[in-house]
Amino acid sequence: TMIDAHMKSEGFRVNVRVDRESGLIFGGNRWNCGTWMDKMGSSEKAGNRGVPSTPRDGAAIEINGLAYSCIEFLDRLNK
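Mapping the sequence shown onto the numbering used here, position 28 (from 1) lands on 55, and the numbers just tick up by one.
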């Protein structure tokens, strides 16, 4: 089965890290749609097949919000 029908192989080479100063999770690359909000181009005619129309490499708010929510939940369990 295909994970993504349009993403180029470069899009699967993602280096995810945590910024030690801010605590934010960041990563990605210009060929990757890192979250559900991103749109991968799929048109041969327009020439955008496999090219993200909204590449957002960096610190995606959805991922950092989920991480914050999980840490907050675990903190409440610990009390």
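Glycine included, each C-beta is placed from N, C-alpha and C at the ideal position.
Determine the burial state of residue i: buried for a count of at least 16 other Cβ atoms within 10 Å of its Cβ, exposed for fewer.
i: residue 60; result: buried
i: residue 55; result: buried
Using three-state DSSP, classify residue i as helix, strand or coil.
i: residue 92; result: helix
i: residue 44; result: strand
i: residue 10; result: In the structure displayed, the chain extends from 28 to 106; residue 10 sits before or after that span and is not available.
Give the straight-line distance between the Cα atoms of residue i and residue j, rounded to the nearest whole angstrom.
i: residue 44; j: residue 106; result: 29 Å
i: residue 81; j: residue 67; result: 8 Å
i: residue 71; j: residue 96; result: 40 Å
If residue i sits next to residue j, beta carbons under 8 Å apart, how far is it from one beta carbon to the other, in whole angstroms?
i: residue 84; j: residue 40; result: Rounded, the Cβ-Cβ distance is 12 Å, inconsistent with contact.
i: residue 62; j: residue 90; result: 7 Å
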